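Student: Going by my numbering, the first residue of the sequence shown is number 0, and it counts up by one from there.
Think of the CB as a built atom: it goes at the ideal place given N, C-alpha and C, for glycine as much as any other residue.
Note that the coordinates shown come from a computational prediction; the quantities given were computed from them, not determined experimentally.
Please find one structure pasted underneath; my questions will follow.
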Amino acid sequence: MLARVLFTFLMFSHSFLVYGEMVLYEFDIDTKLVNFTGTTVEALAIGDQIPAPTIEARVGDVLRATFHNRLDVSASVHWHGVLLPDDQDGVPFLNTQPIAPGQSFTFEFPIIQTGTYWYHSHSDLQVQRGIYGAIILREKDQPPNSIQDEIVLFSDWTDEDPGSVLSNLKKDKDYYAYKKNSVQSWDTVLANGGRAIRNRFSQSFTRMGPMDLADIAYDRFLANGKLENKLIVNDINAEQILLRLINGSTSSYFDVEYAGGPMTIIAADGQDVEPIRVKRLRMSTAETYDVLVRVSAEASFELRATSFDGSGFSSTFVGAGDRVYAPDVPAPNLFLMEAHDMAMGIDMMTTPEHQGAAEAMPKSDDKGMEAAMVEVIAHMTDYQHLVATASTVLPIQRDWRQIDLTLSGNMERYVWSFNGATLREEDQILIRKGENVRIILYNSTIMHHPLHLHGHFFRVVNQHGDRSPLKHTVNVPPMGTVVIEFDANEEKDWLFHCHNQYHMKTGMTRVISYEETSTYDADTARVIQPYLRWFNRSKLDVQSNFLDLDYSLSDERHGFQLEADSNFDDSYEIEATYTYYFSRFFSTFAGVERRKHEEQASTSYAIAGFNYTLPLLIDSEWRVDDEGEFRVELESELQFTRRLGFDWRWNTDKEYRYRLKYNISKRWAFTLNSDSEYGDGVGMQYLF
Numbered sequence: 000m001l002a003r004v005l006f007t008f009l010m011f012s013h014s015f016l017v018y019g020e021m022v023l024y025e026f027d028i029d030t031k032l033v034n035f036t037g038t039t040v041e042a043l044a045i046g047d048q049i050p051a052p053t054i055e056a057r058v059g060d061v062l063r064a065t066f067h068n069r070l071d072v073s074a075s076v077h078w079h080g081v082l083l084p085d086d087q088d089g090v091p092f093l094n095t096q097p098i099a100p101g102q103s104f105t106f107e108f109p110i111i112q113t114g115t116y117w118y119h120s121h122s123d124l125q126v127q128r129g130i131y132g133a134i135i136l137r138e139k140d141q142p143p144n145s146i147q148d149e150i151v152l153f154s155d156w157t158d159e160d161p162g163s164v165l166s167n168l169k170k171d172k173d174y175y176a177y178k179k180n181s182v183q184s185w186d187t188v189l190a191n192g193g194r195a196i197r198n199r200f201s202q203s204f205t206r207m208g209p210m211d212l213a214d215i216a217y218d219r220f221l222a223n224g225k226l227e228n229k230l231i232v233n234d235i236n237a238e239q240i241l242l243r244l245i246n247g248s249t250s251s252y253f254d255v256e257y258a259g260g261p262m263t264i265i266a267a268d269g270q271d272v273e274p275i276r277v278k279r280l281r282m283s284t285a286e287t288y289d290v291l292v293r294v295s296a297e298a299s300f301e302l303r304a305t306s307f308d309g310s311g312f313s314s315t316f317v318g319a320g321d322r323v324y325a326p327d328v329p330a331p332n333l334f335l336m337e338a339h340d341m342a343m344g345i346d347m348m349t350t351p352e353h354q355g356a357a358e359a360m361p362k363s364d365d366k367g368m369e370a371a372m373v374e375v376i377a378h379m380t381d382y383q384h385l386v387a388t389a390s391t392v393l394p395i396q397r398d399w400r401q402i403d404l405t406l407s408g409n410m411e412r413y414v415w416s417f418n419g420a421t422l423r424e425e426d427q428i429l430i431r432k433g434e435n436v437r438i439i440l441y442n443s444t445i446m447h448h449p450l451h452l453h454g455h456f457f458r459v460v461n462q463h464g465d466r467s468p469l470k471h472t473v474n475v476p477p478m479g480t481v482v483i484e485f486d487a488n489e490e491k492d493w494l495f496h497c498h499n500q501y502h503m504k505t506g507m508t509r510v511i512s513y514e515e516t517s518t519y520d521a522d523t524a525r526v527i528q529p530y531l532r533w534f535n536r537s538k539l540d541v542q543s544n545f546l547d548l549d550y551s552l553s554d555e556r557h558g559f560q561l562e563a564d565s566n567f568d569d570s571y572e573i574e575a576t577y578t579y580y581f582s583r584f585f586s587t588f589a590g591v592e593r594r595k596h597e598e599q600a601s602t603s604y605a606i607a608g609f610n611y612t613l614p615l616l617i618d619s620e621w622r623v624d625d626e627g628e629f630r631v632e633l634e635s636e637l638q639f640t641r642r643l644g645f646d647w648r649w650n651t652d653k654e655y656r657y658r659l660k661y662n663i664s665k666r667w668a669f670t671l672n673s674d675s676e677y678g679d680g681v682g683m684q685y686l687f
């Protein structure tokens, strides 16, 4: 059913005196066929549109929006950044019931704020398939046509089913690096010189893998649901218009640049800030910015949003004249990048000494622009330049509650968490109404994390003190620390999570609960946590000298493994174990092993031990069997080129296996091997 605004009418009740108008929307949530890549695939849509239709209202209105779910699975709608009653927030089971297949749900709440926001599904990974749209909230008495404003909603797209994407990330941490051609192999490390070599050894000695910026290789990046978007300037005499920028992606960050000159930021996450002029703006997932840009009747200026891993971009052309293109943004050099650089906002696409610096520019003659604004930020990647237009200091003479959260994760197993625990293990953070809450966020991982707090705005504490900016989403860079503070002025339960949907779904989530009014209980916990599910990974080697099968089934903490190999004749080994993962570097295991070598009789053992990751990313296994025999095994792998790799395994029983592997694709590889038990051979390896 096509999206439509049904009508707007005056409320003939007490609500009319308080709120004024009620604004009604009614939409279907259904499937939709799309073709962004040359392949037609099924997406999800609201009102048969991707993005969903824009929802608009004014301060004092009551918004009533009804959604009819035509899917065969449950759906939901979350109002990102909008202040509203707890039961309207749209998080399934936590505070709003999911919209069951064939059912409808009506949201109704008063509008008490202005700004640029967005709405999206909070069910599974539906935002990745198209359930997202813009929200514009205006002043009640805002003059019409005071300045033209347009929405530019950025998103990322993959033809793959999002569930398959998550499974692939679980199977291999570098799965999409191969697709993006960003494998950090040793040939490219050497080609980048001494600094890259030092970085690689330094990272390896500290047991840190190669730097990366994005987990997924997206097929396309979109603006307003298009590969190329066009905006018409209504007034040919206009000198500037307002662009409402929304990063509605599932997991992407964008570096946004405008061909018509610097953009003037006037609001961040819907909240006014002192005007800042920037050449290039980094937008974290789920953030919004309002920017003023210059327009001309003779030019069509490109607004380019480049994925900050350099894997692609979307274009929006503003105006109807000759096209003027934004500059290309070179892909970052990951070999020269260190976690410290990323925490400091240094961008290896440009020289470090100019990163984030302000440049002297000629004074603007644009009408509506302040001539005093003569500084232009070359590349704004953090919040140090954001200044609120008024004091954001929290109420005085209140108790303070401080919460320390370390952003933690295991890229190898693709598990993300707070303080080393996923939502299933530690789900609640308790606060009390009337407190001032300070959360200190330290990112111990090498990935960026955009954190979003539902139902509240928080101060991002920076050098501007009393006028630190208000936001609802904040990026915490690798190895970086961010402090946020908010007024605990709500009730019940609100989600706090990484807005990279794949990180959220694998554990980086908490429920912030008001002790006195929380309705969060064991039953709620059980139904909001199923996405922390079990994943399997299998690897089959069919070699001329042996057959080897590795199979594992694991969740964030527990794992079951089966390894079996045989020479097709009189030798075999079978090992079945249970593993408990304490951290990224340490786990314990217990199980059984049965083996037979040539003419020997088959024997069985009970085994137990632990695994520990050593410097240089060497995995070690320390184990003992029920006869008191102790063994240490070491293994590791080296990637020589994008396709050619080498892995090895050796133990104190003088057993070894060396293997040279040529990747035909991410799943298939041709191998040459030498094994202490089975001799030399060739064959194929399949990852599934």
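Buried or exposed for Val631, going by 16 or more other Cβ atoms inside 10 Å?
Tutor: Counting from one through the sequence shown, the residue named residue 631 turns up at place 632. Classification of Val631: exposed, given that the 10 Å Cβ count is below 16.
Student: Starting from Gly311 and walking both ways along the alpha helix (DSSP H), at which residues does that stretch end?
Tutor: On the sequence shown, residue 311 is found 312 positions in, with the first residue counted as 1. Run containing Gly311: none; DSSP gives neither H nor E here.
Student: Can you list, in chain order, the residues of its chain whose CB lies under 8 Å from that of Ser635, leaving out five sequence neighbours each side?
Tutor: In the sequence shown, residue 635 corresponds to position 636, counting from 1. These residues qualify, in order along the chain: Leu615, Leu616, Ile617, Asp618, Asp646, Trp647.
Student: Please confirm whether Ser103 and Asn68 have their CB atoms less than 8 Å apart.
Tutor: Position 104 of the sequence shown holds residue 103. Position 69 of the sequence shown holds residue 68. In contact: Ser103 and Asn68 (Cβ atoms closer than 8 Å).
Student: Buried or exposed for Tyr685, going by 16 or more other Cβ atoms inside 10 Å?
Tutor: Within the sequence shown, residue 685 is the residue found at index 686, counting from 1. By the neighbour-count rule (16 or more Cβ atoms within 10 Å), Tyr685 is not buried but exposed.
Student: Roughly how many angstroms lie between the CA atoms of Asn461 and Asp140, to the nearest whole one?
Tutor: The residue given as residue 461 occupies position 462 in the sequence shown. The residue given as residue 140 occupies position 141 in the sequence shown. Cα-Cα distance, rounded: 33 Å.
Student: Looking at the structure shown, is Met21 part of a helix, part of a strand, or coil, going by DSSP?
Tutor: The residue you call residue 21 lines up with position 22 of the sequence shown. Here Met21 sits in strand by DSSP.
Student: Hey, could you find the ends of the alpha helix (DSSP H) Lys169 is sitting in?
Tutor: Locating residue 169 in the sequence shown gives position 170, where the first residue counts as 1. Start and end: 161-170.
Student: Assign Trp775 to one of two classes, buried (16 or more other C-beta atoms within 10 Å of its C-beta) or exposed (fewer than that).
Tutor: The shown model of the chain, from 0 to 687, leaves out residue 775, and the question about it has no answer.
Student: Just tell me which of Met282, Leu546, Ala319 has its CA closest to the CA of Ser299.
Tutor: Residue numbering aside, residue 299 sits at position 300 when the sequence shown is read from its first letter. Looking at the Cα atoms, Ala319 is the closest of the given residues.
Student: Going by CA-CA distance only, name the one from Arg532, Glu572, Ser306, Trp649 that's closest to Ser553.
Tutor: The count along the sequence shown starts at 1 and reaches residue 553 at position 554. Considering only alpha carbons, the answer is Arg532.
Student: Please state the DSSP three-state secondary structure of Asp624.
Tutor: Walking along the sequence shown from the start, residue 624 turns up at place 625. Residue state, collapsed to three classes: strand.
Student: Quick check: what's the CA-CA separation for Val290 versus Ser306?
Tutor: Reading the sequence shown from its first residue, position 291 is the one you call residue 290. Reading the sequence shown from its first residue, position 307 is the one you call residue 306. Whole-angstrom Cα-Cα distance: 19 Å.
Student: Spatial neighbours of Val72 within its chain, please: C-beta separation below 8 Å, excluding the five flanking residues on both sides.
Tutor: The sequence position of residue 72 within the sequence shown is 73, counting from 1. Hits under 8 Å: Pro100, Ser122, Asp123.
Student: Sort Tyr571, Asp426, Tyr580, Phe588 by Cα distance to Ala600 and report the nearest one.
Tutor: The residue labelled residue 600 in the question sits at position 601 within the sequence shown. When each option's Cα is compared against that of Ala600, the closest is Tyr571.
Student: Consult DSSP for Asn94 and reduce its assignment to one of helix, strand or coil.
Tutor: Here residue 94 refers to the residue found at position 95 when the sequence shown is read from its first residue. Reduced to three states, the DSSP call for Asn94 is coil.
Student: Roughly how many angstroms lie between the CA atoms of Ala524 and Glu425, to the nearest whole one?
Tutor: Working through the sequence shown from its first residue, we reach residue 524 at position 525. Working through the sequence shown from its first residue, we reach residue 425 at position 426. When rounded, the distance between both Cα atoms is 10 Å.
Student: Within its chain, find whatever has a CB closer than 6 Å to the CB of Leu561; leave out the 5 residues flanking it on each side and keep chain order.
Tutor: The count along the sequence shown starts at 1 and reaches residue 561 at position 562. The answer, listed in chain order, is Tyr550, Ala575.
Student: Using only the alpha-carbon positions, how far apart do Phe545 and Ile573 sit?
Tutor: If you number the sequence shown from 1, residue 545 lands on position 546. If you number the sequence shown from 1, residue 573 lands on position 574. Cα-Cα distance, rounded: 13 Å.
Student: Distance check for Arg594 and Tyr604, CA to CA, integer angstroms please.
Tutor: As a first step, residue 604 is located in the sequence shown; it is residue number 605 there, counting from the start. As a first step, residue 594 is located in the sequence shown; it is residue number 595 there, counting from the start. Going by the C-alpha atoms only, they are around 9 Å apart.
Student: Quick check on Thr287: buried or exposed, where buried means 16 or more other Cβ atoms within 10 Å of its Cβ?
Tutor: Taking the first residue of the sequence shown as position 1, residue 287 is located at position 288. Counting Cβ neighbours within 10 Å, Thr287 comes out buried, since at least 16 surround it.
Student: Do Asp88 and Phe639 have their beta-carbon atoms positioned less than 8 Å apart in this structure?
Tutor: On the sequence shown, position 640 is the one that residue 639 refers to. On the sequence shown, position 89 is the one that residue 88 refers to. No, these two residues do not count as a Cβ contact at 8 Å.
Student: In the DSSP output, what is Pro449 paired with across the bridge?
Tutor: Locating residue 449 in the sequence shown gives position 450, where the first residue counts as 1. Paired residues: Asn474.
Student: Would you call the stretch 452-472 and the stretch 382-401 touching, i.e. three or more CB-CB distances under 8 Å?
Tutor: Verdict: yes, contact present.
Student: Are the CB atoms of Ile376 and Leu241 nearer to each other than 8 Å?
Tutor: To locate residue 376, count along the sequence shown from 1; it is residue 377. To locate residue 241, count along the sequence shown from 1; it is residue 242. Their beta carbons are not under 8 Å apart, which means Ile376 does not touch Leu241 by this criterion.
Student: Could you tell me if Gly269 is buried or exposed, where buried requires 16 or more neighbouring beta carbons within 10 angstroms of its beta carbon?
Tutor: By one-based count along the sequence shown, residue 269 stands at place 270. Counting Cβ neighbours within 10 Å, Gly269 comes out buried, since at least 16 surround it.
Student: On the criterion of 16 or more Cβ atoms from any shown chain inside 10 Å, does Val526 qualify as buried, or is it exposed?
Tutor: The sequence position of residue 526 within the sequence shown is 527, counting from 1. Counting Cβ neighbours within 10 Å, Val526 comes out exposed, since fewer than 16 surround it.
Student: In the DSSP assignment, what residue or residues form a beta bridge with Asn535?
Tutor: In the sequence shown, residue 535 corresponds to position 536, counting from 1. Paired residues: Leu552.
Student: What residue ranges within the stretch 186-222 form continuous alpha helix (DSSP H) runs of no fewer than 4 residues, ordered along the chain?
Tutor: Runs found: 192-204.
Student: Determine the direct distance from the alpha carbon of Ser675 to that of Ile606, and round the result to whole angstroms.
Tutor: In the sequence shown, residue 606 corresponds to position 607, counting from 1. In the sequence shown, residue 675 corresponds to position 676, counting from 1. The straight-line gap from Cα to Cα measures roughly 22 Å.
Student: Residue ranges of each beta strand (DSSP E) run of no fewer than 3 residues wholly in the stretch 233-280, ordered along the chain?
Tutor: Runs of the beta strand (DSSP E) inside the stretch 233-280: 239-246, 253-257, 262-267.
Student: Would you kindly work out how many angstroms separate the C-alpha atoms of Val255 and Gly309, rounded to a whole number?
Tutor: In the sequence shown, the residue the question calls residue 255 occupies position 256. In the sequence shown, the residue the question calls residue 309 occupies position 310. When rounded, the distance between both Cα atoms is 12 Å.
Student: When the Cα atoms are used, what is the spatial distance from Ser166 to Phe534?
Tutor: In the sequence shown, the residue the question calls residue 166 occupies position 167. In the sequence shown, the residue the question calls residue 534 occupies position 535. Roughly 7 Å separates the two Cα atoms.
Student: Exposed or buried, what is His557 when buried is set at 16 or more other beta-carbons lying within 10 Å of its beta-carbon?
Tutor: Position 558 of the sequence shown, counted from the start, is the residue given in the question as residue 557. Result: exposed.
Student: Determine the closest residue to Ala44 out of Arg57, Gly37, Met21, Val76, with distance taken between C-alpha atoms.
Tutor: As a working mapping, residue 44 is identified with position 45 in the sequence shown. Taking only the C-alpha atoms, the option nearest Ala44 is Val76.
Student: Cα separation between Gly208 and Gln112?
Tutor: Taking the first residue of the sequence shown as 1, we reach residue 208 at position 209. Taking the first residue of the sequence shown as 1, we reach residue 112 at position 113. Approximately 44 Å, taken between the alpha carbons.
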